[in-house]
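Visitor: My questions will all concern the structure given below.
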Amino acid sequence: MIAKSVDRHESALEVLLRYYDQLVTIENKLPVSENQIRVQFKWRDAFDKESLFSGRRTLAIASGLYEKVCILFNIAALQSQIAATQNHDSDEGLKVSVRLFQQSAGIFGHLKDIVLSHIQQDPTPDLNPDTLAAISALMLAQAQESFYRKATADKMKEAMIAKLAYQCSDLYADAMKLLQLQTIKELWPREWIPVAVMKQAAFHALAEYYQSVVAQQKKLYGEEIARLQHADELMKASQTRGSGSFCFRAEHNRILRALEAAKKDNDFIYHDKVPDTKSLPPIGKAPVAKPIFPSSPLSSNFIDLFEKLVPLPVHEAMVSFENRKNQIINQECGRLKEATQLLNGVLASLNLPAAIEDLSGDSVPTSLLEKAQQLRDGGGVTALNKMMQDLPELLERNREILNESSKMLDEEANCDSQLREQFKERWTRTPSQKLTGPMRSEATKYRQILNNAIQADKIVQEKFNKHKEAIMLLTKPEEELRSALPSANPTAALKDSSVVQELRKLMEEVETIKAEREVTEKEIRDATFDMSSKFMHAMAQDGLINEESLAVPELNKYFGPLLGQVSDSVSRQEAILNKIQTANSEFCKAKASNQSAGKREAMLKDLAAGFDMYIELTDNLKEGTKFYNDLTPLLLRLQNKISDFCFARKTEKEELLADLSKDIVNQPTQQPPQAPKYQQNSTLNTSDKKTPPPRPPPPTVSQAYTPSAPPSIPSTSEPTAPGQVGGPPPSGASPPVAPGGGIAPVAASAPAPQPQAGATSSNSAQQPPPPYYGGQQPPNWNAPYPVYNMMPMPSGYNPCNPYMSYCPPSFQGYPPQPQYPYPGQTTQYPPQQTSFPPPNYPAGFSQQPQQWP
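Going by UniProt numbering, the sequence shown wraps up at 853, each residue one higher than the last.
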């Protein structure tokens, strides 16, 4: 009765069941709502009696819960259809009907409890809780009826069948009350309520019949007759209520036969007193039909198409876990990097290890040559310039994507505001501000990130400009680098001193610390965890995920030893730096007598600082490039989400505009304003007008037409129809007869029926007068001369009236021109009629009878 687009077969039902199961499984994986995945579902009212003025009743909501409710409704409706089409004469067909009717009742009852919380707005009438309660009660009554039919087919004991039938009558009574609620009674197909009322009385009658059999078995013949009489009365009431839908004639005949036989036996044999119906003991009930909500999954053949997709709570827990992990990684790697930068800065300020390698005073220190070679291998200034030129392009690309996204949101919001201002309260869709909040917050967050990146790019550019000359000098060959360094007096005597040996040992420890940090940082960054299975297990077991209680122990287990290595490395660095500063002080005292080494040492410090800055800038630029490239997909995803949202809103806007336009077109026009008094049909200053003299009575012309009173003038508010003027029809004419002997209704455009010939004077007096000069009288118009009714004409037309003193000639004026045939015109037609009326024209002006099917 509801699902009109699918076959009434269990294969069609299986499709709906699998679709519903898929909706349930993806509910936590792909949340469909106004603010998340915005997929709009549109459904039409199942009981919609579409009309010209009201149109179709539909409801469209972007909600997965609404889609689940509608699919459940159609599943229950299709179950009722399949159950109704089963072969109720077979045992298997009755079993299927019982199962499907009970499941249908359970689903409708379940929907009644959840529909308002799932939709959270006014539903269509078919999803009203009162509607769902009525349908659920009707399904349950039909399930009980199937149990009754199976019991009669299995020839169970009459006492049990009576209880089943009485329970069935009781359930139909409940359904009847719910169906007749004032708010929903106009919703149903017109046969539903009569059938429910008819079945309620019929099954009560059947319960009385089977209980009469029980009374006969107990030799209570008076009770038997009383119950059979009551059953007969109930069957007659059922037949009256059900009119053409009565389907218990065979059962009624059986009751009548049993009543006749019981009366005969009682009258001749038992003579038992027949008690009053009200004094009979009540019949028991057997409520075997129960509403059943199917277990999940509804389909036994369901296969999850999104099995690999984790539920949303698991995904959110994974995101939170990744944030915790990344926070630890960034924090500890940042500690290592800051400690290394501090170490390099101190060594560069002390010109170490270049100071202990440049004791000859004319050669380039080995450490400096290694740094220069590493710089040249990395591309030097050219590579830095290229990466710095790429950053603005990447920044501009991301900024354009973000600006375009914000522009789409602004345009959609402006359009919605304009239409809301235009249609006021009729513009019922959700305002854009309530839907775009998360997207605008995300766009704002990305814009702030871009602003921070711009400031970081400026700092990188300043550092590069400060150390650009030192970096460019390190990219040159060894000979140019040696010639660029100032010369100094040799300090070869210090080569094997204890202080130099101490500094070399400390430099080795520094390199060891740096190597260990590289390994530790790599282990920290390469940390991997498989938390998905643990989160899934927790959700399956508890129904929720406590991410913190599961994530913190796992992170501590893996990162605990690595964090200890970082802390140990930082503390060892502090001790080494103290030793380096002490040894370097002694070394500076030893070579203090050499004044020419000051400029050379200062330049070596600048070159060492330039190399360190080159390494830092290279890392910064690589991170910046990676940042912009990683940000682009995120911005594109945001742009796609906004684009999909705007497209969905545009589609929704067009549908709503179409509905509003249809409503405006179908809206009845307002009544025109009341006309001023001087424009109304009432006559002004009637006291100033003279009343015309009364009309004299008409002359008596024949005995066949003798009016007893002067004719009345028609009211000005009801003008006489043109079809009412003319002579009377012949006496044999009569109105057309509709099938069944009644008078057929006359169409609005048909002329009014004429009075019969020989009518009484009262009928003639009620006949309206003819118009003056053949036309209708205008409102409030009085004829200047008395107006008389036309004299009745004889049954045939006679041009020469015997009452006329003068017979006009057959024609006046010029004689008619001879008629000649056109070229090619056939001459087989009958001769042209030159007089009126035609010879075979019927007498009078009788109407054509209406043709009715």
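We put the CB at the ideal spot given by N, CA and C, even for glycine.
Check the DSSP bridge columns for L59 and list the partner residues they point to.
Guide: One-based indexing of the sequence shown puts residue 59 at position 59. Looking at the DSSP assignment, L59 forms a beta bridge with W43.
Visitor: By DSSP, does I303 sit in helix, in strand, or in coil?
Guide: Position 303 of the sequence shown, counting from 1, holds the residue named residue 303. I303: coil per DSSP, three-state reduction.
Visitor: Are the segment 441 to 460 and the segment 607 to 614 touching by the rule of at least three beta carbon pairs closer than 8 Å?
Guide: Judged by Cβ distances under 8 Å, the segment 441 to 460 makes no contact with the segment 607 to 614, as fewer than three pairs qualify.
Visitor: Starting from F147, trace the alpha helix (DSSP H) in both directions and tell me its first and last residue.
Guide: Locating residue 147 in the sequence shown gives position 147, counting from the first residue. Per DSSP, F147 belongs to the alpha helix (DSSP H) from P129 to A153.
Visitor: If you check the beta carbons only, do E332 and V570 fall under 7 Å apart?
Guide: Taking the first residue of the sequence shown as position 1, residue 332 is located at position 332. Taking the first residue of the sequence shown as position 1, residue 570 is located at position 570. Result no, Cβ atoms of E332 and V570 do not sit closer than 7 Å.
Visitor: Taking Cβ positions, are I545 and A317 nearer each other than 7 Å?
Guide: Within the sequence shown, the letter at position 545 stands for residue 545. Within the sequence shown, the letter at position 317 stands for residue 317. Yes, Cβ-Cβ distance for I545 and A317 is below 7 Å.
Visitor: Kindly list the residues whose CB is nearer than 6 Å to the CB of I471, restricted to its own chain and excluding five residues on each side of it in sequence; keep chain order.
Guide: Position 471 of the sequence shown, counted from the start, is the residue given in the question as residue 471. Excluding residues within five positions, the ones whose Cβ falls inside 6 Å are V381, G610 and Y614.
Visitor: In three-state terms, what does DSSP make of V32?
Guide: To locate residue 32, count along the sequence shown from 1; it is residue 32. Three-state DSSP puts V32 in a strand.
Visitor: Distance check for N403 and residue 866, CA to CA, integer angstroms please.
Guide: Any property of residue 866 remains undetermined from this structure, which presents the chain solely from 1 to 853.
Visitor: Excluding the 5 residues preceding and the 5 following M387 in the sequence, name in chain order all residues of the same chain whose CB lies nearer than 7 Å to its CB.
Guide: In the sequence shown, counting from the first residue as 1, residue 387 sits at position 387. If we look at M387 and ignore the five residues flanking it on each side, its Cβ neighbours are L621 and T625.
Visitor: Would you call L16 buried or exposed, if buried means 16 or more other Cβ atoms sit within 10 Å of its Cβ?
Guide: On the sequence shown, residue 16 is found 16 positions in, with the first residue counted as 1. Label assigned to L16: buried.
Visitor: Which same chain residues end up closer than 6 Å to S717 when comparing Cβ atoms and leaving out the 5 residues on each side of it in sequence?
Guide: Within the sequence shown, the letter at position 717 stands for residue 717. Reliability of the predicted coordinates at S717 is poor, the pLDDT of 34 falling under 50, and no value is obtained from them.
Visitor: Could you name the residues of the same chain whose beta carbon sits closer than 6 Å to that of K264, not counting the 5 residues immediately before and after it, in chain order?
Guide: Translated into positions along the sequence shown, residue 264 becomes position 264. Nothing meets the Cβ criterion.
Visitor: According to DSSP, is I184 helix, strand or coil?
Guide: Translated into positions along the sequence shown, residue 184 becomes position 184. The answer is coil: DSSP assigns I184 none of H, G, I, E or B.
Visitor: Please state the DSSP three-state secondary structure of I292.
Guide: As a working note, residue 292 is residue 292 in the sequence shown. In the structure shown, I292 sits in coil (DSSP, three-state: anything other than H, G, I, E or B).
Visitor: Alpha carbon to alpha carbon, how far is L179 from C168?
Guide: Reading the sequence shown from its first residue, position 179 is the one you call residue 179. Reading the sequence shown from its first residue, position 168 is the one you call residue 168. Taking the straight line from one Cα to the other gives about 16 Å.
Visitor: Just mark S279 as buried or exposed, buried being the case when its beta carbon has 16 or more other beta carbons within 10 Å.
Guide: Indexing the sequence shown from 1 puts residue 279 at position 279. Exposed, by the Cβ-count rule.
Visitor: Which residue wins for smallest C-alpha separation from D232, given the options A215, R241, Q211 and L259?
Guide: Within the sequence shown, numbered from 1, the residue matching residue 232 stands at position 232. Of A215, R241, Q211 and L259, the residue nearest in Cα terms is L259.
Visitor: Just to confirm the assignment, what range does the alpha helix (DSSP H) spanning residue 865 have?
Guide: Any answer about residue 865 is impossible in this case: the structure gives the chain only from 1 up to 853.
Visitor: Give the DSSP bridge partners of I329, in chain order.
Guide: Along the sequence shown, read from residue 1 onward, the residue named residue 329 stands at position 329. Answer is none; I329 lacks a bridge partner.
Visitor: Quick one: what's I107 bridged to in DSSP?
Guide: If you number the sequence shown from 1, residue 107 lands on position 107. In the DSSP output, where bridge partners are listed per residue, I107 has none listed.
Visitor: Name the one or two DSSP bridge partners that I37 has.
Guide: Translated into positions along the sequence shown, residue 37 becomes position 37. Its beta-bridge partners are V32.
Visitor: Is it buried or exposed, Q422, if we count other Cβ atoms within 10 angstroms and call 16 or more buried?
Guide: For the purposes of this step, residue 422 is taken as the residue at position 422 of the sequence shown. The residue is exposed, with fewer than 16 neighbouring Cβ atoms inside 10 Å.
Visitor: Report the rounded CA-to-CA distance for K300 versus T25, giving the unit in angstroms.
Guide: Start at 1 with the first residue of the sequence shown, and residue 300 comes out as number 300. Start at 1 with the first residue of the sequence shown, and residue 25 comes out as number 25. Position check: residue 300 holds Ser in this sequence, whereas Lys was assumed. Rounded to whole angstroms, S300 to T25 spans 14 Å at the Cα level.
Visitor: With three or more C-beta pairs closer than 8 Å as the rule, is the segment 219 to 226 touching the segment 175 to 191?
Guide: Flag = no, the segment 175 to 191 and the segment 219 to 226 do not touch.
Visitor: Output the distance between the C-alpha atoms of L187 and Q217, rounded to the nearest integer angstrom.
Guide: One-based indexing of the sequence shown puts residue 187 at position 187. One-based indexing of the sequence shown puts residue 217 at position 217. Approximately 47 Å between the Cα atoms of the pair.
Visitor: Does DSSP put Q674 in a helix, a strand or coil?
Guide: Start at 1 with the first residue of the sequence shown, and residue 674 comes out as number 674. Three-state DSSP puts Q674 in coil, outside helix and strand.
Visitor: Taking the Cβ atom as the reference point for each residue, do T124 and R57 lie within a distance shorter than 7 Å?
Guide: Start at 1 with the first residue of the sequence shown, and residue 124 comes out as number 124. Start at 1 with the first residue of the sequence shown, and residue 57 comes out as number 57. Against a cut-off of 7 Å, the Cβ pair of R57 and T124 comes out as a contact.
Visitor: To the nearest angstrom, how far is it from the Cα of Y446 to the Cα of I642?
Guide: On the sequence shown, position 446 is the one that residue 446 refers to. On the sequence shown, position 642 is the one that residue 642 refers to. Their Cα atoms are separated by approximately 14 Å.
Visitor: For M408, name the three-state secondary structure that DSSP assigns.
Guide: To locate residue 408, count along the sequence shown from 1; it is residue 408. Helix at M408.
Visitor: I'd like the ranges of any alpha helix (DSSP H) spanning at least 4 consecutive residues and lying wholly in the segment 367 to 428.
Guide: Qualifying alpha helix (DSSP H) stretches, in chain order: 380 to 423.
Visitor: Is the separation between the beta-carbon of I107 and that of L72 shorter than 7 Å?
Guide: As a first step, residue 107 is located in the sequence shown; it is residue number 107 there, counting from the start. As a first step, residue 72 is located in the sequence shown; it is residue number 72 there, counting from the start. Contact flag set, yes.
Visitor: Starting from P477, trace the alpha helix (DSSP H) both ways and give me its first and last residue.
Guide: Here the question's residue 477 lines up with position 477 in the sequence shown. Neither: P477 is in no alpha helix (DSSP H) and is coded neither H nor E.
Visitor: Would you kindly report the start and end of the unbroken alpha helix (DSSP H) that includes Q167?
Guide: In the sequence shown, counting from the first residue as 1, residue 167 sits at position 167. Note, Q167: alpha helix (DSSP H), E158 to L179.
Visitor: Grouping DSSP H, G and I as helix and E and B as strand, with all else coil, what is P633?
Guide: For the purposes of this step, residue 633 is taken as the residue at position 633 of the sequence shown. Looking at P633 - three-state DSSP - the assignment turns out to be helix.
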